[in-house]
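Visitor:
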Amino acid sequence: MDFPFCRGEQQMRIMIIDSCVFTLLGACCFFEKYPYILTEHADSVEQSLPRLATFRPDVVIINLTHYCRCGGEFPQLIDFFQACGNARIYIYVDAPYPTAAEPIALSGRVSLMNKKCLLPLLHLLSDPVQPPPLFRRNSNGYLYSRQELAVVALWMAQYTNHEIAKKLGICGRTVYVHKRQAIRKLMVRNRLEFCFLYHVLKYVIYPPYFFPTPEERVPSLPCPV
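When you line the sequence shown up against the numbering used here, it's residues 1320 to 1544, in that order.
1) Give me the Cα-Cα distance between Phe1374 and Cys1339, rounded to the nearest whole angstrom.
2) Out of Lys1352, Ile1335 and Thr1384, which has the shortest C-alpha to C-alpha gap to Asp1362?
3) Looking at the structure shown, is Asn1382 part of a helix, part of a strand, or coil, going by DSSP?
4) In three-state terms, what does DSSP make of Thr1418?
5) Helix, strand or coil for Ile1397, going by three-state DSSP, please let me know.
6) Which same chain residues, not among the five before or five after Leu1520, have their C-beta less than 7 Å away from its C-beta?
7) DSSP three-state label for Ser1464, please.
8) If you follow the alpha helix (DSSP H) that Ile1483 is part of, which residue opens it and which one closes it?
9) When you compare the CB positions of Val1463 and Ile1524, do they come within less than 8 Å of one another, or not?
10) May I ask which residues mark the beginning and end of the alpha helix (DSSP H) holding Leu1516?
11) Around the C-beta of Met1331, are 16 or more other C-beta atoms found within 10 angstroms, so that it is buried, or is it exposed?
12) May I have the straight-line CA-CA distance separating Leu1344 from Gly1491, to the nearest angstrom?
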């Protein structure tokens, strides 16, 4: 087990990032009764960056709904994920999807959930007996295979099934199956919901482009295998 601390011997550090003051206040008040939990908060990604360096959290809980709604490119999200270091990151959005009842692991340390999962997550984090199962990393891999990532990247770039198949050297049926798998794994119902989440997901699901240097911050496609 690679849990970052041992309760009773070391405190857990949790950072909560949300522009909603009621959510911040509620989460911080929830953890006040647990002496082994230290909390820090910020109301934006930009505000969190200097605090991440000094606070060095074990867990980061962040609302990224704003970025899902806006779309476009967000270099500050690259800075944010890099500044989190080895912290476990739980992203949530103000939407009824993903429809999973618990966070979906996007990578070895980043998970995604809808806001309804936030309160159950806080209870799990505060469990004084043992680390919650959500903290046990079953794999160092990612939610999607490299070929699925290649299909998703071209799909989101508005390529047709025929064009994707031709570019990747696979059949049209395989493209269709990968699209269905991409939607199923993310627990969404259709392309619109997938696109909404993709604005944030793309900063997590594309190894080795997760932490590009400033000079390399341009959209890139993973090599299919």
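A virtual CB, placed ideally from N, CA and C, is assigned to each residue, including glycine.
Guide: The answer reads as follows:
1) 21 Å
2) Here the closest residue by C-alpha is Ile1335.
3) strand
4) coil
5) The answer is helix: DSSP assigns Ile1397 an H, G or I state.
6) Closer than 7 Å at the Cβ level, and outside the excluded window around Leu1520, lie Leu1425.
7) coil
8) Asn1480 to Leu1487
9) Val is not the amino acid found at residue 1463; the sequence shown has Tyr there. Cβ distance < 8 Å, so Tyr1463 and Ile1524 count as in contact.
10) Arg1510 to Leu1520
11) buried
12) 50 Å
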